[in-house]
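Asker: So that we are looking at the same thing, I have put the structure below in structure tokens.
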């Protein structure tokens with residue numbers, strides 16, 4: 002177990018130098034430009050015993066089996082192949098993982114991930130996401146189209162996606178070529194210090210598994226317990242923050258949905274002492290052109306900004322479906338890291354600026370329409386007659402994606418405007434965990450009632466109404482003790498103010514760390530009312 006039962010680790014460590022404002026400005030000034038599109042598709046040819054191949058269609062967990070792989074240069078090598086993915090193992094067009102033997106590589110890698118993209122009939126959205134990351138200079142996986150032939154039968158086009166492993170460290174220029182690579186567990190991309198074994202799985206250590214995981218424990222504690230006034234500085238010190246924010250931009254542009262179960266990666270470079278996020282499963286986009294769809298369909302484009310956080314209404318929609326199927330088993334699933342970033346005024350503004358740049362430069366119709374047409378032209382000869390292709394949907398995909406881009410652009414711009422105009426009303430004004438009290442303050446210009454509201458120390462339990470009724474005049478503050486609220490304020494933890502109607506009905510929140518005796522958290526009385534420590 003990587004997280005369960007881990008002891009506290011002192012968060013005071015030697016810190017890496019901060020990125021300067023000038024460096025960030027220089028990076029922002031660099032245009033986001035799509036990389037050159039490949040002009041042809043390599044062909045990978047697999048020879049496998051037909052009876053062994055049939056095992057993969059009968060049993061999804063069949064272990065790796067021997068194959069002979071013929072590479073594009075004509076070399077034939079002995080290798081192993083297995084199914085990859087989760088739900089994709091049940092698809093008619095399978096996704097495959099191929100492991101090459103020691104000493105053999107294909108494009109600098111010995112492990113190949115061949116994604117079938119069967120549930121996304123344009124074959125372009127996941128590739129676009131990885132191309133967007135490359136356009137934004139984020140050093141993560143790259144993706145290339147290939148043809149796959151098994152036992153002489155053409156299987157169609159696949160997306161060959163870099164695995165997050167030591168080959169990627171070398172290919173993407175990491176300073177630590179033996180970095181610790183961790184993978185989030187099933188339903189467990191929440192960036193918490195623990196997980197719920199009823200529906201989540203623990204993290205996995207992909208490299209250096211024999212060594213302690215103290216670095217991960219310390220990292221997650223920092224994300225959850227760093228005092229709010231120090232959050233941006235901590236993230237700059239410990240995370241490749243600009244890269245992470247740009248991943249969030251790519252997720253927004255392609256309408257990424259199921260981050261909770263993507264089993265993404267975190268890489269700890271011991272030389273820089275910073276963490277890099279390795280996103281995964283960009284096929285989990287709301288916009289995919291499903292094989293059961295009818296030609297002419299409009300892509301889904303209205304997933305809110307700030308995906309996979311307490312500000313994402315789709316978190317509640319998913320929880321409600323699960324609650325109906327399995328009452329009391331699940332809690333809402335979202336990222337504490339994303340929630341902290343989106344809740345932090347300076348970090349949120351920085352991200353909104355990046356969203357605007359991404360929309361202007363990567364969804365620009367003059368740029369993206371030509372890219373879509375070029376991708377479609379590249380793929381078309383290889384899709385015609387291929388198994389498991391719904392030809393009418395693929396033929397319609399340029400229209401589908403261009404319409405999606407226009408709709409998504411308008412929606413995102415309205416979301417950005419809404420968030421820029423957002424004004425806090427009733428907020429958590431002060432918290433003294435040691436003395437056991439919380440203050441609320443009305444920042445609105447009209448009176449506000451606390452009737453039906455919730456103050457909770459578990460952001461995933463947000464519907465137990467416990468705030469005493471009080472009407473606050475504009476500017477008025479009220480203090481409640483933990484006894485009045487029926488809470489136990491821990492010395493470090495989380496505190497949320499909710500409307501009592503929705504599990505994402507958050508009005509204000511605070512992640513906080515332990516303070517010395519006599520100190521407490523309070524919002525400044527001056528806008529934008531940042532948190533300070535008294």
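Numbering (the numbering used here), first residue to last: 2 to 535. From the three backbone atoms N, C-alpha and C, an ideal C-beta is built for every residue, glycine too.
1. I'd like the list of long-range same chain contacts for residue 63, defined as Cβ closer than 8 Å, with 5 residues on each side in sequence excluded.
2. DSSP three-state call for residue 244: helix, strand or coil?
3. Taking the runs of the alpha helix (DSSP H) that are 4 residues or longer, which of them lie wholly in the stretch 98–163?
4. Just grab the DSSP bridge partners of residue 79 for me.
5. Return helix, strand or coil for residue 482, following the three-state DSSP convention.
6. Between which two residues does the alpha helix (DSSP H) containing residue 316 stretch?
7. How big is the Cα-Cα spacing for residue 51 and residue 77?
8. Leaving out five residues on either side along the sequence, give the residues of the same chain with a beta carbon under 6 Å from the beta carbon of residue 499.
9. Answer yes if the stretch 472–482 comes into contact with the stretch 506–520, meaning at least three C-beta pairs across the two stretches below 8 Å, and no otherwise.
10. Look up residue 499 in the DSSP assignment and say whether it is helix, strand or coil.
11. Whose C-beta lies closer than 8 Å to the C-beta of residue 510 among residues of the same chain, with five residues either side of it excluded?
12. Specify, as a first and last residue, the run of the alpha helix (DSSP H) that residue 420 falls within.
13. Helix, strand or coil for residue 523, going by three-state DSSP, please let me know.
14. I need the straight-line Cα distance from residue 89 to residue 197, nearest angstrom please.
15. Drop a sphere of 10 angstroms on the beta-carbon of residue 234, count the other beta-carbons inside from all chains shown, and report buried for 16 or more, exposed for fewer.
16. Whose C-alpha, out of 261, 331, 267 and 326, is nearest the C-alpha of residue 313?
17. Which class does residue 430 belong to by DSSP, given the choice of helix, strand or coil?
18. Using a Cβ-Cβ cutoff of less than 7 Å, which residues in the same chain neighbour residue 1 once the five nearest sequence positions on both sides are dropped?
19. Please tell me whether residue 160 and residue 127 are closer than 8 Å, where the distance is taken between their beta carbons.
20. Give the DSSP-derived three-state secondary structure of residue 11 in the structure shown.
21. I need the straight-line Cα distance from residue 17 to residue 247, nearest angstrom please.
22. Residue 29: buried (16+ other C-beta within 10 angstroms of its C-beta) or exposed?
23. Taking 8 Å as the cut-off, does the stretch 362–370 touch the stretch 218–225 (at least 3 CB pairs, one atom from each stretch)?
24. Write down every uninterrupted run of the alpha helix (DSSP H) in the stretch 232–290 whose length is 4 residues or greater and which is fully enclosed by it, in chain order.
25. Okay, do the stretch 396–413 and the stretch 368–384 touch, 3+ Cβ pairs below 8 Å being the bar?
26. Can you tell me where the alpha helix (DSSP H) holding residue 384 begins and where it ends?
27. Taking just the CA atoms, how far does residue 154 sit from residue 189?
28. Since residue 450 sits in a beta bridge, which residues does DSSP pair it with?
29. How should residue 472 be labelled, buried or exposed, when 16 other C-beta atoms within 10 angstroms of its C-beta is the threshold for buried?
30. What's the C-alpha gap between residue 440 and residue 352?
31. Can we say the stretch 257–275 touches the stretch 107–126, given the rule of at least three CB pairs closer than 8 Å?
32. Whose CA, out of 419, 288, 535 and 466, lies closest to the CA of residue 121?
33. Could you check where the beta strand (DSSP E) with residue 457 kicks off and where it finishes?
34. Could you pull the DSSP bridge partners for residue 49 from this structure?
35. So, is residue 147 buried or exposed, given that buried needs 16 or more other C-beta atoms within 10 angstroms?
36. Roughly how many whole angstroms lie between the Cα atoms of residue 225 and residue 193?
Answerer: Quick answer:
1. 56, 57, 83 and 84
2. helix
3. 126–136
4. 69
5. Three-state DSSP puts residue 482 in a strand.
6. Annotation for residue 316: the continuous alpha helix (DSSP H) segment containing it runs 314–326.
7. 18 Å
8. 455, 463, 506 and 507
9. no
10. strand
11. 311, 340, 344, 429, 460, 495, 496, 497 and 498
12. 392–422
13. strand
14. If I take the Cα positions, the gap works out to 25 Å.
15. exposed
16. Cα-wise, what sits closest to residue 313 is 261.
17. strand
18. Any question about residue 1 goes unanswered here, given that the chain covers just 2 to 535.
19. Yes.
20. At residue 11 the pLDDT is 45, less than 50, meaning the model places this residue with poor confidence; the figure from the coordinates comes in the next sentence. Residue state, collapsed to three classes: coil.
21. Any reading at residue 17 must be qualified, since the residue scores a pLDDT of 49, below 50, and its modelled position is unreliable; the value itself is stated next. Computed Cα separation, rounded: 21 Å.
22. exposed
23. With a cut-off of 8 Å on Cβ pairs, the stretch 218–225 is not in contact with the stretch 362–370, counting fewer than three such pairs.
24. 232–239 and 242–254
25. yes
26. 366–384
27. C-alpha separation (whole angstroms): 38 Å.
28. 472.
29. exposed
30. 29 Å
31. no
32. 288
33. 455–457
34. Paired residues: none, contrary to the question.
35. buried
36. 7 Å
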